[in-house]
Every structure is written in C-alpha cells, then in structure tokens.
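Asker: Here you go, one structure.
Residue numbers (the numbering used here): 19 to 455.
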C-alpha cells in the first residue's frame, strides 16, 4: 500500500511524543513492505534559502521536508497563521509529488495538518485516516475561553468528522473524542503506542556518570521527563518536593524537557527555595536520557492530562520505579502494584555488576501507579486530574484487541456538516465561531 503521512514534527524536528510516534510508525510500515512518504517540515524560523524543501529516503521512508515560507509569522505568537502557512507549503509539495506518485491512503496526525491532509486526500481521491493524539479542550481541562482555543477546537472537530477512519491511542482518548466531537464510539479504533524495548539497556559507566552528575552525594534522585506544559503537572511535583525532602532528606529532582511553562516552573522553584535541589536540564539526547532514567530512584509523571503516556513505557523499559497520576491513558497503562525488584535499597543488594545496571523488563511487566482512582481523588485538586468537561476516567481496556483499521475508500465529505452551535462541554466550552468547516 502507498501511504502518505502528514505530521508537523518528525525527527530531528521534535516537539513532543508525536515525532517519535510518526517516525516509528513510518519505519515499521516501510519495513513491512509498504511504500511510505512522510510530509513534514524544517525547524520553525529557518530560511528557505538555507533550508530548502528536501526529498530523501531515510530508514526506508521517503521524507519530504518542506521549506518555511518567508512570512513574518511565528509559532509562538501567530499559531493559526503559522499553521496555515505550513499547510500551504505541504499542499504545494504534495501536488508536485502527485505528478509521479499517488497514495492509496492519506494519514493525518493531529489538527495542525488538517488543511493539507484534507486537501491532498481530496486531490488524490483516496481515503483519509486521522489520528487524534490530544485535544485542546483536554489540555485546558475543558476550558476554551480564548478565541485561539476555540479556533483549534473547531479544526479538531472538522478533522474528527471529515476522516474516513479515526484512531486514538487509548480508551480514555476515545471517550474524549466521542464526547467533544460527537463521533460515534464504534467509528473510532484504539491503537495504543509502543516502544522498542531492546534499546533501553545502558552501560554501567554511563549510569554512574549520570548519578554523579545529578546526585553527587548519592541522595534519592527523582526524574521527570517530557514537555514542560501546564497539563503535565510538574508544578504539582514541585509543590510536593519540600514535603518529600522532609521525609527523605537530600532528595533531588531532575526535570528534563522544554516547553512554554519552563520559566514559570523555574520561578516556582526559586519561590520554594529549591534551586539547589532541582536541575532543569532541557532536552536530553536519547543516550543521556536513558542514562539518567537508569540512575534515578523513581520517575514521577504527575500529569493532569495524558492521552497515552508513552514515557511510562520508557520508564518501564529502563526498569525505573514509577509514580504516576491516573490521568487519561496512564490509568490504562500502569498496573497498581509495587515495583517487582523493590526500591533503591533492594537494587543495592543485587549481585553482579553495579547495582544500577538494568536490563529491560520482561514484556508486559508494568509498574505501580499508586491508585486506580480518578485523579481528583488521588491527591490532585478536584477536576484537574482529568479534563473536567465531563470526560470520565478509565473504566475498561477493551481496546487491547483493536489492532487494525478498516478503511472504506474516500467518502469525500464531512460526516456531519457544520460545527454544532451548542458545545457538548456546556457552559465551559464556548461554541466554535465557524459554522461551515
């Protein structure tokens, strides 16, 4: 099958987990014998003269990376205009591609590529598959109080109702999409993310070096890694850290990642007088991240909103004890039980090599969550653990058996015309301003 994927991030352009998801999916489809083309972009703010559109094959995947148009818009200040400009560049590249190659299916990853994905699927007259990785309402606990939030929500609604097949990464996300976009549950396929477990072994010297860097006195070491956004809940972890340090003197925290919330988190750290206890290390390379993961005494994922939580799988693969909220997909991923190898002291008593050398856990061995309750009853303020727009916490795991997507060749029309005038999120969600996608 000839597959055209569109994504606004693809390595080395990495913003969050979407880049890794699309990269792995494209590679594995290509390895399975499919003809895969990925349309993506260069880094934001680059010049077309120095970063022209490229067309190359990497890991068996044909990768077309479009140049950024010379418009005075930025992702941070002009998100919608920037997104439309990127989409326009992708459409032009897609039209050129269709002169010599045409897809059997187009696959859109998230709202930022909605316009070019719909345009190219209609131009090629092929089915459109969409994967919704997160929602604007979910990221803001159901509040869409600004015009930008409402604009993004309306594009998400358009994508969810236009596609011929819709994918989410968890049962929690399926319920969220059904609730927000009025898509029948049976029209959504759940395909959970995964990782390549064998890549998480770390050499002893790299673990020792990471430990010496971040906990030179061998005090307890905690790690958070992921995007630094409000919905990731790092502010809650910082608030809890003084009490953690009172109970476990000397505890240190490594915060790995970048995002819009970083400056606020750094300021919060200063207010709590934790400057000497918290290391903001920014984005870590894969090798450095794996070393810190193996050196840490526990990984903490305090998410208020988490569609899937692939970092939980990475922590498990590195055999790191895990403390996590029950937000979204985390409640489906992590079993409520203790770490099979005990805590830090137990690792010290194990023989053979350094006590911190770990190999990947056996397949399916999952770590302790803390509780399998709605997050607003698990230590977070009410309504902040899961989107408070009426979305329920995880209740079942039937999606485990859903592995394939059946695609009917393109209907070429929106499932329900027009954005609803009354939002399903009632008073908390202002209705989208557009009435005809």
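For every residue, glycine included, the Cβ atom is placed at its ideal position computed from N, Cα and C. It should be emphasised that the depicted structure is a prediction, and the values quoted were computed from it without experimental measurement.
(1) Please classify residue 405: is it buried, with 16 or more other beta-carbons within 10 angstroms of its beta-carbon, or exposed?
(2) How about residue 50 and residue 66: are their beta carbons less than 8 Å apart?
(3) Which residue's Cα is closest to the Cα of residue 140: 151, 104, 180 and 169?
(4) Please list the terminal residues of the continuous alpha helix (DSSP H) segment that includes residue 180.
(5) Taking the beta strand (DSSP E) that residue 74 falls in, what are its first and last residues?
(6) Let me confirm a value: residue 143 is counted as buried when at least 16 other C-beta atoms fall within 10 Å, else exposed. Which label applies?
(7) Return the chain-ordered ranges of every beta strand (DSSP E) run that is complete within the stretch 214-295 and spans a minimum of 3 residues.
(8) Which residues mark the beginning and the end of the alpha helix (DSSP H) in which residue 136 is found?
(9) Where do the N-terminal and C-terminal ends of the beta strand (DSSP E) with residue 207 fall, by residue?
(10) To the nearest whole angstrom, what separates the beta carbons of residue 115 and residue 55, a pair I think is in contact under 8 Å?
(11) Return the CA-CA distance between residue 218 and residue 344, expressed in angstroms with no decimal places.
(12) Let me make sure I understand the geometry here. Which of 255, 152, 248 and 227 has the alpha-carbon closest to that of residue 240?
(13) Alpha carbon to alpha carbon, how far is residue 20 from residue 62?
(14) Ordered along the chain, which non-local residues of its own chain (more than five positions away) have a Cβ less than 6 Å from that of residue 73?
(15) Smallest Cα separation from residue 59: which of 24, 307 and 249?
(16) Helix, strand or coil for residue 65, going by three-state DSSP, please let me know.
(17) Leaving out the 5 sequence neighbours to the left and right, which residues in its chain are closer than 7 Å to residue 97 when beta-carbon positions are compared?
(18) Suppose you measure from the CA of residue 333 to the CA of residue 118; what does that come to, to the nearest Å?
(19) Which residue from 46, 297, 290 and 236 puts its Cα closest to that of residue 267?
(20) Output the boundary residues of the alpha helix (DSSP H) element that contains residue 45.
(21) Exposed or buried, residue 269, counting other C-beta atoms within 10 Å across all chains shown (16 or more means buried)?
(22) Output needed for residue 135: all residues of its chain with C-beta closer than 7 Å, excluding positions within five of it in sequence on either side, in chain order.
(23) For residue 71 and residue 328, I'd like the C-alpha separation in whole angstroms.
(24) From this set, 90, 305, 317 and 102, which residue's C-alpha is nearest residue 223's C-alpha?
(25) Once the 5 residues before and after residue 220 are set aside, which same chain residues still bring their CB inside 6 Å of it?
(26) For residue 29, which residues from the same chain have a beta carbon less than 8 Å from its beta carbon, with the 5 sequence-adjacent residues on both sides left out?
(27) Grab me the residues of residue 245's own chain with a C-beta within less than 6 Å of its C-beta, minus the 5 sequence neighbours each way, in chain order.
(28) Can you tell me the Cα-Cα spacing of residue 93 and residue 103, whole angstroms?
(29) Answer with buried or exposed for residue 90, where buried requires no fewer than 16 other C-beta atoms within 10 angstroms of its C-beta.
(30) Report yes or no: do the stretch 315-329 and the stretch 149-156 share at least 3 C-beta pairs separated by less than 8 Å?
Answerer: Concretely, from the data shown:
(1) Annotation note: pLDDT 31 at residue 405 (below 50); position unreliable, coordinate value reported separately. Classification of residue 405: buried, given that the 10 Å Cβ count is 16 or more.
(2) If you check the CB distance, residue 50 and residue 66 do not come in under 8 Å.
(3) 180
(4) 165-180
(5) 72-76
(6) exposed
(7) 239-243 and 270-274
(8) Unbroken alpha helix (DSSP H) run through residue 136: 132-142.
(9) 206-208
(10) 7 Å
(11) A straight line joining the alpha-carbon of residue 218 with that of residue 344 spans about 25 Å.
(12) 255
(13) 29 Å
(14) Cβ within range, chain order: 82.
(15) Nearest of 24, 307 and 249 to residue 59, Cα basis: 24.
(16) Judged by DSSP in its simplified three-state form, residue 65 adopts coil rather than helix or strand.
(17) 166
(18) 43 Å
(19) 236
(20) Per DSSP, residue 45 belongs to the alpha helix (DSSP H) from 35-49.
(21) buried
(22) 24, 124, 126 and 146
(23) 31 Å
(24) 305
(25) 308, 309 and 312
(26) 37, 38 and 41
(27) 34, 275 and 277
(28) 10 Å
(29) Classification of residue 90: exposed, given that the 10 Å Cβ count is below 16.
(30) The stretch 315-329 makes contact with the stretch 149-156: 3 or more CB pairs, one atom from each, lie closer than 8 Å.
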